[in-house]
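There are 2 protein chains.
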Amino acid sequence: MGSSLPTMEDVANRAGVSRALVSLVMRDSPKVSDGSRAAVLAAASAIGYRPNLIARNLASHRTMTIGVFLDDLHNPYYAEIADGLLATAYGHGYHTLITTGRRHPNEQQRAIETLFGMQTDGLILLSPRFPLTIIESLAVNLPVVAVAEPLKSDHIDTVSNDERVGARLIIDHLVGLGHRRILHIDGGEGPAATMRLRAFRRVMKMHGLDPGPRISAEEFTEAGGERATDRLLKSAEPMPSAIFAANDLIAAGVLDRLDDTKIRVPRDLSLVGYDNTALATMRRMSLTTIDQQRVAIGSLAVETLIDRITTGRPAGQHHVLAPSLVVRKTTAAPRSK
Amino acid sequence: MGSSLPTMEDVANRAGVSRALVSLVMRDSPKVSDGSRAAVLAAASAIGYRPNLIARNLASHRTMTIGVFLDDLHNPYYAEIADGLLATAYGHGYHTLITTGRRHPNEQQRAIETLFGMQTDGLILLSPRFPLTIIESLAVNLPVVAVAEPLKSDHIDTVSNDERVGARLIIDHLVGLGHRRILHIDGGEGPAATMRLRAFRRVMKMHGLDPGPRISAEEFTEAGGERATDRLLKSAEPMPSAIFAANDLIAAGVLDRLDDTKIRVPRDLSLVGYDNTALATMRRMSLTTIDQQRVAIGSLAVETLIDRITTGRPAGQHHVLAPSLVVRKTTAAPRSK
DNA sequence: CTGAAAGCGCTTACAG
DNA sequence: CTGAAAGCGCTTACAG
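Okay, here's the thing in structure tokens:
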């Protein structure tokens with residue numbers, strides 16, 4: 161089927177001009193007279209010609225395309241980052257191609273290979289579920305920006321949320337209300353989750369507080385939050401007076417599970433989420449949460465990538481953006497105090 | 161940068177074999193001895209060679225890639241369809257490339273051009289925000305499956321939810337509870353919204369009920385649902401006893417806005433959503449809603465596309481999948497009855 | 001603006 | 001398995 165598509169040759173024939181002229185017009189060259197341009201464009205649209213990008217790319221060694229890998233289409237967090245990212249790429253005249261691995265390591269590898277094989281000019285990785293070191297050999301030949309923890313590598317640029325600030329905002333807020341038994345429900349084994357857990361532990365220690373046992377939701381989902389809450393309720397451990405959930409989805413799972421018990425939020429337990437998703441803003445949830453600069457993270461990732469693509473800058477760049485706290489109705493002073 | 165990447169030539173030199181052999185190995189040909197295969201693979205990984213897919217595609221006229229256009233990354237509805245879609249494509253050995261237009265018509269056009277330019281073997285369009293007739297000329301040369309209302313066209317296959325069944329399930333349920341003043345809050349001008357509105361009106365008439373004035377959320381978002389509710393509350397119209405919102409996000413917006421009034425759901429007003437998203441399942445929402453066969457819609461779209469790609473089938477295929485009703489706690493008998 | 005040439009990194013088809 | 005050739009649809013660089 162593809163072979164029957166019109167080519168530049170066809171456009172040139174129909175317009176009665178050279179193939180070189182058609183090529184200039186398609187690349188928006190300023191050296192073409194308005195009359196010729198109009199004639200070529202008319203011929204092109206008459207026969208339904210559209211440039212074959214892969215042929216162009218093969219010849220020019222540029223694709224003007226940014227590949228975006230994203231961990232999970234289900235997490236609204238990525239949608240927001242993607243917003244900033246896509247708008248900025250579009251503004252710079254870049255095409256954007258997205259792939260995802262649906263949280264399966266195999267498919268994630270394949271998704272990135274697809275982007276690589278398509279010869280995108282650069283790659284943006286949103287929270288990949290594998291160590292970045294795997295990607296490093298790739299990054300020697302291809303600009304890569306990861307929305308992930310800063311690396312020592314000069315080959316991969318990073319843009320990330322300041323986890324230390326996030327944890328501090330949450331814990332300061334809870335401690336200010338009088339809480340001391342604060343539990344973190346973490347997001348599992350992924351790099352983002354590990355980073356957040358580490359920040360929590362550090363800040364708790366700074367406050368002279370015991371970070372307590374590890375309770376994990378294993379993934380950034382509602383179901384994970386429910387399961388973790390189940391385990392907590394069944395455990396012999398004393399209940400915490402406040403929970404810092406690794407993201408809003410986990411917090412929603414916690415809330416949902418607690419709604420099935422006699423424990424009331426925030427009367428008996430305070431709860432904080434992370435990401436300030438649409439869910440958190442609803443009156444029925446009114447979740448106290450952390451607002452990451454999601455759109456800015458997306459834009460900055462693109463700016464950083466394009467900078468590396470166009471300048472060939474050899475040194476790594478690592479941007480860290482500070483989040484803010486949004487206090488709603490799931491946090492209050494502990495009951496028995 | 162791209163020019164410094166290793167090519168087949170480099171692999172052949174290092175392995176001491178011909179370029180043709182390398183090509184056979186990379187395409188997983190069975191005519192290669194195990195020894196040769198191992199040698200080639202070793203050489204490839206030693207120098208970090210990965211096949212240049214765009215060169216392969218240009219030469220072979222196949223990309224083994226399916227392009228997926230999706231309207232809005234924020235709507236969890238698409239994430240679920242994408243799940244079925246990606247898993248099925250992966251199972252058939254196809255790569256998948258996603259683009260989105262963030263609900264802007266210009267960017268949507270560009271997003272589709274990108275996929276087309278990349279010479280994907282076929283396109284799947286998830287609820288495009290423009291008339292499919294624009295795409296028809298494209299579809300003459302390229303297999304296209306749209307998750308959208310069935311067309312008369314033989315060039316575009318469609319897979320869709322049975323809107324008539326959905327509307328009937330909702331209205332039968334509400335009428336069974338005793339409701340007669342049922343209002344639909346529609347999703348705006350897009351094709352999916354129009355289809356759903358039309359189904360609502362038809363089924364209302366079949367019941368001999370008045371579909372009432374048109375109230376639109378203008379988009380499938382929480383904010384749209386809030387605005388529509390605002391307008392409803394301020395209007396002179398008598399309040400309905402039940403609302404059928406065009407999707408769960410709109411329903412959430414309605415609920416959120418009503419939580420700010422003295423109107424209680426379902427005591428004073430019944431509410432039904434559409435899509436059975438994670439939101440609807442939460443105890444605090446417990447939204448009665450319609451469950452589309454999302455994963456099946458995604459899988460079937462891929463199967464239909466691959467069928468057209470491989471057989472060149474000239475006739476259009478139009479699949480319609482019946483949804484089901486999930487009754488939760490936002491619907492009950494009307495109060496004053 | 002035209003025209004002819006070389007090349008991008010592969011695949012395809014074929015003779016050996 | 002090798003080797004040489006042609007071609008995919010473009011871009012690039014150049015002489016005119």
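If you read the sequences in order, they're chains G and F.
Just so we're aligned, residue 161 is where the first sequence starts under the working numbering, counting upward by one.
Just so we're aligned, residue 161 is where the second sequence starts under the working numbering, counting upward by one.
By construction, the Cβ of each residue, glycine as well, lies at the ideal position given by its N, Cα and C atoms.
Treat the numbers as computed from the prediction; the structure is a model and nothing was measured.
Could you give the C-beta distance for residue i and residue j, rounded to a whole number, given that I count them as a contact under 8 angstroms?
| i | j | result |
| --- | --- | --- |
| residue 327 of chain F | residue 359 of chain F | 4 angstroms |
| residue 484 of chain F | residue 451 of chain F | 5 angstroms |
| residue 501 of chain F | residue 254 of chain F | One cannot answer for residue 501 of chain F here, as it falls past the ends of chain F, which runs 161 to 497. |
| residue 377 of chain G | residue 348 of chain G | 7 angstroms |
| residue 462 of chain F | residue 245 of chain F | 5 angstroms |
| residue 323 of chain F | residue 355 of chain F | 5 angstroms |
With H, G and I counted as helix, E and B as strand and the rest as coil, what does DSSP make of residue i?
| i | result |
| --- | --- |
| residue 282 of chain F | strand |
| residue 227 of chain G | strand |
| residue 275 of chain G | helix |
| residue 178 of chain F | coil |
| residue 170 of chain F | helix |
| residue 163 of chain F | Only weak support exists for where residue 163 of chain F lies, its pLDDT of 38 falling under 50; the coordinates are left without a value. |
| residue 232 of chain F | coil |
| residue 478 of chain G | strand |
| residue 200 of chain G | helix |
| residue 462 of chain F | helix |
| residue 360 of chain G | helix |
| residue 405 of chain F | strand |
| residue 471 of chain F | helix |
| residue 437 of chain F | coil |
| residue 336 of chain F | helix |
| residue 193 of chain G | coil |
| residue 489 of chain F | coil |
| residue 304 of chain G | strand |
| residue 183 of chain F | helix |
| residue 457 of chain F | helix |
| residue 135 of chain G | Look at the range of chain G in this structure, 161 to 497, and you will see that residue 135 of chain G is not part of it. |
| residue 423 of chain F | coil |
| residue 289 of chain F | coil |
| residue 250 of chain F | helix |
| residue 349 of chain F | coil |
| residue 205 of chain F | helix |
First and last residue of the alpha helix (DSSP H) that includes residue i?
| i | result |
| --- | --- |
| residue 317 of chain G | That residue, residue 317 of chain G, is in no alpha helix (DSSP H); its beta strand (DSSP E) goes 316-321. |
| residue 297 of chain G | 293-299 |
| residue 215 of chain F | 213-220 |
| residue 389 of chain G | 382-394 |
Taking residue i as part of the beta strand (DSSP E), name the residues at either end of that continuous run.
| i | result |
| --- | --- |
| residue 484 of chain G | 484-486 |
| residue 346 of chain G | 342-346 |
| residue 188 of chain F | Looking at the DSSP string, residue 188 of chain F is not in any beta strand (DSSP E), and its letter there is neither H nor E. |
| residue 430 of chain F | 430-432 |
| residue 257 of chain F | 255-260 |
| residue 449 of chain G | 449-451 |
Beta carbon of residue i, beta carbon of residue j: below 9 angstroms?
| i | j | result |
| --- | --- | --- |
| residue 411 of chain G | residue 494 of chain G | no |
| residue 465 of chain G | residue 283 of chain G | yes |
| residue 480 of chain F | residue 321 of chain F | yes |
| residue 429 of chain F | residue 399 of chain F | yes |
| residue 490 of chain F | residue 448 of chain F | yes |
| residue 257 of chain F | residue 275 of chain F | yes |
| residue 229 of chain G | residue 294 of chain G | no |
| residue 367 of chain F | residue 406 of chain F | no |
| residue 454 of chain G | residue 250 of chain G | no |
| residue 381 of chain G | residue 234 of chain G | yes |
| residue 317 of chain G | residue 304 of chain G | yes |
| residue 248 of chain G | residue 395 of chain G | no |
| residue 408 of chain F | residue 456 of chain F | no |
| residue 351 of chain G | residue 308 of chain G | yes |
| residue 280 of chain G | residue 226 of chain G | yes |
| residue 492 of chain F | residue 426 of chain F | yes |
| residue 369 of chain G | residue 335 of chain G | yes |
| residue 198 of chain G | residue 174 of chain G | no |
Less than 8 angstroms between the CB of residue i and some heavy atom of the ligand MN, yes or no?
| i | result |
| --- | --- |
| residue 297 of chain F | In the structure on display, the ligand MN does not appear, and there are no ligands present to speak of. |
For the segment 256-270 of chain G, which residues have a beta carbon sitting closer than 8 angstroms to at least one beta carbon of chain F? 256, 257, 258, 259, 260, 262, 267, 270
Residues in the segment 237-249 of chain F having any Cβ partner in chain G nearer than 9 angstroms: 238, 239, 240, 242, 243, 246, 247
Using Cβ-Cβ distances below 9 angstroms, what residues of the segment 424-454 of chain F are close to chain G? 438, 439, 441, 442, 443, 444, 445
To be precise: take each residue of the segment 301-322 of chain F, compare its Cβ to all Cβ atoms of chain G, and keep it if any distance is under 7 angstroms. Which residues remain? Taken in chain order, the members of the segment 301-322 of chain F whose beta-carbon sits within less than 7 angstroms of a beta-carbon on chain G are 301, 302.
Residues within the segment 178-189 of chain F neighbouring chain G, beta-carbon criterion of under 8 angstroms: none
Beta carbons nearer than 9 angstroms to chain F: which residues of the segment 268-291 of chain G have them? 270, 271, 273, 274, 275, 276, 277, 278, 279, 281
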